[in-house]
Ligand SMILES: N[C@@H](CCC(=O)N[C@@H](CS)C(=O)NCC(=O)O)C(=O)O
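In the numbering used here, the protein residues as written are -8 to 183.
This is how it looks when you write it as structure tokens:
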């Protein structure tokens, strides 16, 4: 998002494997001890939760928040779908299927089934929409990074052609190509 809107920013990596998210200074800006969180020094304001951060930055710069009422509410419903379903459920798939395979077969099946359901929901939406709302918006910006971990989720994007088309198109955006490697290079953008 910060690359898309073109604001100056600096990153402060929080190593969640080292419990940096529980440091008192971080808890002041992110009381729920989760990344990401931002501080806007122009306004002396801090914000946690990716959905709130995206809406804040979109409103601040007048970008990626649709101005037309109908499209605005489409953006809002798909952003909320990410916050309530895509993020939490695919996150559980990462936990059980990628990082703790074999420990809880019931949970692996449950979250993998939910992941497949959500890929299907997104695929059907994108069958007749270029983006989740009628224009590229914070709903796409919130959702794309979770789909970029299709390999962690053992998902084959080729089985979801509309989602794949959307994923590849967004991956080609210069801001995405740059932002993917912030704060540091880990891997190339995965391609189906
Ligand atoms: N709903 C939050 C979820 C953020 C989240 O789950 N962050 C994880 C990393 S992807 C985290 O900070 N985990 C640290 C912990 O649980 O202690 C958002 O969208 O910002």
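Positions of the beta carbon are idealized from the N, C-alpha and C atoms, including for glycine. Quick caveat: nothing in here was measured; it's all calculated off a predicted structure.
Who are residue i's beta bridge partners in DSSP?
i: residue 37; result: 30
Identify whether residue i lies in helix, strand or coil by the three-state DSSP scheme.
i: residue 55; result: coil
i: residue 189; result: Because the chain is modelled from -8 through 183, residue 189 falls outside the range shown and cannot be assessed.
i: residue 180; result: coil
i: residue 3; result: coil
i: residue 131; result: helix
i: residue 96; result: helix
i: residue 175; result: coil
i: residue 86; result: helix
i: residue 142; result: coil
i: residue 14; result: coil
i: residue 153; result: helix
i: residue 71; result: helix
i: residue 118; result: helix
For ligand 1, any of its heavy atoms closer than 8 Å to the Cβ of residue i?
i: residue 26; result: yes
i: residue 74; result: yes
i: residue 34; result: no
i: residue -5; result: no
i: residue 79; result: yes
i: residue 139; result: no
i: residue 39; result: yes
i: residue 49; result: no
i: residue 12; result: yes
i: residue 42; result: yes
i: residue 7; result: yes
i: residue 82; result: yes
Could you check the C-alpha separation between residue i and residue j for me, to the nearest Å?
i: residue 160; j: residue 35; result: 36 Å
i: residue 66; j: residue 91; result: 34 Å
i: residue 133; j: residue 122; result: 12 Å
i: residue 137; j: residue 49; result: 20 Å
i: residue 10; j: residue 22; result: 14 Å
i: residue -2; j: residue 146; result: 34 Å
i: residue 44; j: residue 51; result: 10 Å
i: residue 84; j: residue 53; result: 34 Å
i: residue 79; j: residue 33; result: 31 Å
i: residue 72; j: residue 106; result: 13 Å
i: residue 139; j: residue 81; result: 11 Å
i: residue 119; j: residue 143; result: 27 Å
Thinking residue i and residue j are a contact (beta carbons under 8 Å), I'd like their distance in whole angstroms, please.
i: residue 26; j: residue -4; result: So it is not a contact: roughly 19 Å between Cβ atoms.
i: residue 117; j: residue 153; result: 4 Å
i: residue 167; j: residue 70; result: Contact doesn't hold; Cβ gap of about 17 Å is too wide.
i: residue 170; j: residue -6; result: 4 Å
i: residue 97; j: residue 88; result: No, residue 97 and residue 88 are not in contact; Cβ-Cβ is about 12 Å, not under 8 Å.
i: residue 124; j: residue 62; result: 5 Å
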